[in-house]
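2 protein chains.
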Amino acid sequence: MSNKADILIIDDEAQIRKLLEITLESNDYLVSQAVTAKEGLIKVANHPPDLVLLDLGLPDESGHTVLQKLREWYTGPIIILSVLSSEEDIVKALDNGANDYLVKPFRTGELVARIRSALRGAHIESNTPVLNFGTLQVDLVARIVKKNNEILKLTATEYTLLSLFVKNEGKVLTHQYLLREVWGPGYINQLQYLRVFIAQLRKKIEKDPNRPEHIITESGVGYRFTSTE
Amino acid sequence: MSNKADILIIDDEAQIRKLLEITLESNDYLVSQAVTAKEGLIKVANHPPDLVLLDLGLPDESGHTVLQKLREWYTGPIIILSVLSSEEDIVKALDNGANDYLVKPFRTGELVARIRSALRGAHIESNTPVLNFGTLQVDLVARIVKKNNEILKLTATEYTLLSLFVKNEGKVLTHQYLLREVWGPGYINQLQYLRVFIAQLRKKIEKDPNRPEHIITESGVGYRFTSTE
DNA sequence: ATGGATTGTATAAAGATTTTATAAAGAATT
DNA sequence: AATTCTTTATAAAATCTTTATACAATCCAT
């Protein structure tokens, strides 16, 4: 366990990656690299770095999409590097959870200072894409749910519902909110949908579906997800 | 009771201050202002804001010095706004503890996005506000009430009533007001409803429901919620 | 201070609403 | 065409709200 911070560069331009590699390594960082969005997401999931440098102009997927996917679970700092200099792009990236945004070409000294600043502000958190709730495990990246280490077969709707719950552990989620998020704004009156799927989810994830420990009913309001510990 | 973040502007240019004031207030922030370094430091000390916007070109003292003095104890986000665009200035400010650095003239949309990002990182918006009243805890966002750290099971009506009380701690709430807010305008004569639910709430939240410490009867008028400390 | 009127509390059964369980019909996917 | 998933429907169970009644405390005029 070295105390060097490791930084993942996601950028398709070889030149930029080389420049960043040299700059960062001479500043005592561990550097890993990814060329495509897909590769980047896999690398972050397999070995979450202390910081991500993300280019918005990737060949396979929009950088904004990558950012959103990362932010579903990755809590470390993400700094955007991009040739796009419009206010729209900058605001969008920052609001999607980027910590900083530098327009290419950038000055390496400034980049390194901004990296230092971002790492300083980063709270070291668990930061694993796998969330544990007693005997229940939820992997938000792989979209895999396990009970007692056995993979559960959830339908798309069931998974969407469960992911909302685990991302908001402890909070009461109202019927309306859940219906809007899972089925869309036009379905906030279809309370019955929700009831059926809550029952199905409980049947799958609870030890005893008749005495649920994870999905708690808040009568007249909604449901709350709790961990048993 | 407002949860607006408050932002302190330290800048000697009246024009900039006015521009920032209008921009920030229209984005629902509370704004205060200081014209000199000295005034700025005093204001931060007297009432630490959630975020500081600091100009480097102050008349009485260098912005870098102000930054260093602030960082001796102030841990909230500081964003530098400056006409100085040299890498040296930027690196110096960031290494002195600034969270971000924008070169003037800046785009207001970008500034506001960077403010949101900085506040997000400072966990100002994210942590749900938990109100403490002795052994009683109320989390209005998660909709969870705890007594001695145990989650209480409140019905929807009980929770609505309690939330009115905690939002108006110390104030006498009249029977009429409570009936109108909880049951609706058509129920202001149903004093009995209120009495039943006050009794139920007391049974759940009070140490000794016969000698209530939180929900105090104001005979002939209404009820008042108090914290025991 | 006493007694009657008002205001407040305690309790529980009746009524209404909400939730669960179950399963069949309809869509979508493979 | 078969399988899986989603929607709709219905009945039963559980929970919550309303209503009713009895009793206690407080207030106020005598």
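Same order as they appear, the protein sequences are chains A and B.
When the count follows this note's numbering, it moves up by one through the first sequence with no breaks and lands on 233 for the last residue.
When the count follows this note's numbering, it moves up by one through the second sequence with no breaks and lands on 233 for the last residue.
Glycine is no exception: its CB is placed at the ideal position from the N, C-alpha and C atoms.
In this text, all values refer to a predicted model and were calculated from it rather than measured experimentally.
Report the rounded CA-to-CA distance for residue i versus residue j, giving the unit in angstroms.
i	j	result
S231(B)	D212(B)	15 Å
V176(A)	V145(B)	8 Å
G101(B)	L71(B)	7 Å
E129(A)	T79(A)	With a pLDDT of 49 at E129(A), under the threshold of 50, the modelled position of that residue is not reliable, and the figure given next carries that caveat. Cα to Cα, the separation comes out at about 8 Å.
R215(B)	K73(A)	53 Å
E65(B)	S30(A)	35 Å
R21(A)	N136(A)	35 Å
G224(A)	A160(B)	6 Å
F169(B)	L168(A)	30 Å
I14(B)	L23(B)	13 Å
Y181(A)	E91(B)	47 Å
K42(A)	T69(A)	11 Å
V56(B)	E154(A)	50 Å
T164(B)	R199(B)	15 Å
F201(B)	W187(A)	35 Å
R147(B)	L166(B)	11 Å
D99(A)	L115(B)	12 Å
E162(B)	Q19(B)	51 Å
Hey, quick one: how far does the beta strand (DSSP E) through residue i stretch, first residue to last?
i	result
K8(B)	K8(B) -> no beta strand (DSSP E), and no H or E assigned at all.
G226(A)	G226 to F229
N136(B)	V134 to F137
Y105(A)	D104 to V107
T178(A)	V176 to T178
Q194(B)	From DSSP, Q194(B) is part of no beta strand (DSSP E); its letter is neither H nor E.
E65(A)	Unbroken run through E65(A): none, as it is neither H nor E.
What residues in its chain sit with their C-beta under 6 Å from that of residue i, if we drop five residues either side in the sequence?
i	result
V134(B)	Q141 and D143
V39(B)	D16
E25(A)	V35
Q37(A)	I13 and R21
Taking all protein chains shown into account, decide if residue i is buried (16 or more other Cβ within 10 angstroms of its Cβ) or exposed.
i	result
E222(A)	buried
A203(B)	exposed
I46(B)	exposed
G190(B)	exposed
I82(A)	buried
L195(B)	exposed
A237(B)	Outside the shown range of chain B, which is 5 to 233, sits residue 237(B), and nothing can be said about it.
N103(A)	buried
R111(A)	exposed
R206(B)	buried
G44(A)	buried
G236(B)	Since the displayed chain B opens at 5 and closes at 233, residue 236(B) lies outside it and no answer follows.
I84(A)	buried
If contacts are defined as beta-carbon pairs under 8 Å, then residue i and residue j qualify, I think. What distance do you get, rounded to the angstrom?
i	j	result
V87(B)	G61(B)	6 Å
D54(A)	D10(A)	6 Å
Y105(A)	I94(A)	5 Å
F229(B)	N193(B)	Between N193(B) and F229(B) the Cβ distance is about 23 Å, and since that is not below 8 Å, they are no contact.
Quick one: residues in its chain with C-beta nearer than 7 Å to the C-beta of residue i, no 5 flanking neighbours on either side, listed in chain order?
i	result
E17(A)	none
W77(A)	P133, L144 and V145
S89(A)	V107
H179(B)	L195, L198 and G226
P63(A)	D16 and T40
K150(B)	Q141 and L156
Only counting the same chain, and skipping five residues up and downstream in sequence, which positions put a Cβ closer than 8 Å to that of residue i?
i	result
E210(B)	P216, E217, H218 and I219
K8(B)	D32, Y33 and L34
K96(B)	H68
How far does the alpha helix (DSSP H) with residue i in it reach, from first residue to last?
i	result
T164(B)	A160 to K171
D59(A)	D59(A) -> not in any alpha helix (DSSP H); beta strand (DSSP E) instead, spanning L55 to D59.
D234(B)	It is not possible to answer for residue 234(B), since the shown part of chain B is limited to 5 through 233.
E222(A)	Not the alpha helix (DSSP H): E222(A) falls in the beta strand (DSSP E), residues I219 to E222.
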